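Below is one structure; the comments refer to it alone.
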Amino acid sequence: MTLLLEEGPISATQVGSRLGISAAGVRRHLDALIDAGDARVTMTSRPGARTRGRPAKLFSLTAHGRSRLGHSYDDLAGAAMRHLREIGGDDAVRTFARRRIQSIVGDVEPADTSSQQSVSETADAIAEALTESGFAASTRPVGNGVQICQHHCPVSHVAAEFPELCTAEREAFADLLGTHVQRLATIANGDCACTTHVPLRTLSTPESGNTDDDVGVAPSDAADSGTVHHDRTALDSARTTSSSPNSPLDRLRKEPA
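Position one of the sequence shown corresponds to residue 176 (our numbering), numbered consecutively onward.
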């Protein structure tokens, strides 16, 4: 079950390879987990399948399977959170959520945002801190960024009712990494893992005229934050200068060949 938790969805062949047991033995174990409602199988086409066009069987834990791994205090925690909201309102819940994640990642050193390696190392440190608190977290490079993957959430059932817990995590990650991060999936919403994307932005130089905020920001984020206007202003200025009757370009055009 731990392998399905940390690496699922995963094929029977991969399970056998990790555990060093035969494919037949793996399938017996997987069938037992499926019969018990602890695992599910999905069919997907992916590179490396033995037969071209034939979908591969991938196995992952169900919510019932996850409940066997560290959810014993869900009912108590949920009741406590509801009581906190009753007596303190939404602000009290948000404050608690921030303090909770701070207690988990509080010892992580903030990243040096001028260094991609520093940001990546801080992401690794966040994953290690989460793992120590039962989240079975890891990191993986993806495109021009890195993803923090939490394969288990000890409070997923509570987080489904109180999304403030997930929001506080994302905000804490962003503060430590010094960059905007994006939550792509959460266990609380039924996904296999909580996945947070961390962009590794191209470093700016003084000559470029760009600031850190102008680099690596998605178009929608840039529009919302008011960035990328510096370059547009410079471009408009250049166009105005080049179109002026007395501009160097205009004088060059008037000179005889």
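Backbone N, C-alpha and C fix where the C-beta goes; we use that ideal spot for every residue, glycine too. From a predicted model like this one, the values you see are computed outputs, not experimental measurements.
Check: For residue 362 and residue 331, the rounded distance between their alpha carbons; Outcome: 6 angstroms
Check: Alpha-carbon to alpha-carbon, residue 212 and residue 276; Outcome: 31 angstroms
Check: From 324, 234 and 309, residue whose alpha carbon lies closest to that of residue 216; Outcome: 234
Check: Option nearest residue 372 by Cα separation, candidates 354, 364, 365 and 282; Outcome: 354
Check: Assigned secondary structure, residue 234 (DSSP; H/G/I helix, E/B strand, else coil); Outcome: strand
Check: Sub-8 angstroms separation of residue 375 and residue 268 beta-carbons; Outcome: no
Check: Option in 370, 260 and 328 with minimal Cα separation from residue 314; Outcome: 370
Check: Beta-bridge partners of residue 218, as assigned by DSSP; Outcome: 232
Check: Distance between beta carbons of residue 359 and residue 297, contact taken as under 8 angstroms; Outcome: In fact, because the Cβ distance is near 19 angstroms, the residues do not count as touching under 8 angstroms.
Check: Presumed contact (8 angstroms Cβ cut-off) between residue 311 and residue 325, rounded CB distance; Outcome: 7 angstroms
Check: Residue environment, residue 289, which counts as buried when at least 16 other CB atoms sit within 10 Å; Outcome: exposed
Check: Whole-angstrom distance between residue 209 and residue 280, CA atom to CA atom; Outcome: 35 angstroms
Check: Whole-angstrom distance between residue 346 and residue 257, CA atom to CA atom; Outcome: 22 angstroms
Check: Contact set for residue 344: own chain, Cβ-Cβ below 7 angstroms, skip 5 residues either direction; Outcome: 276
Check: Reduced DSSP secondary structure (H/G/I, E/B, other) of residue 341; Outcome: helix
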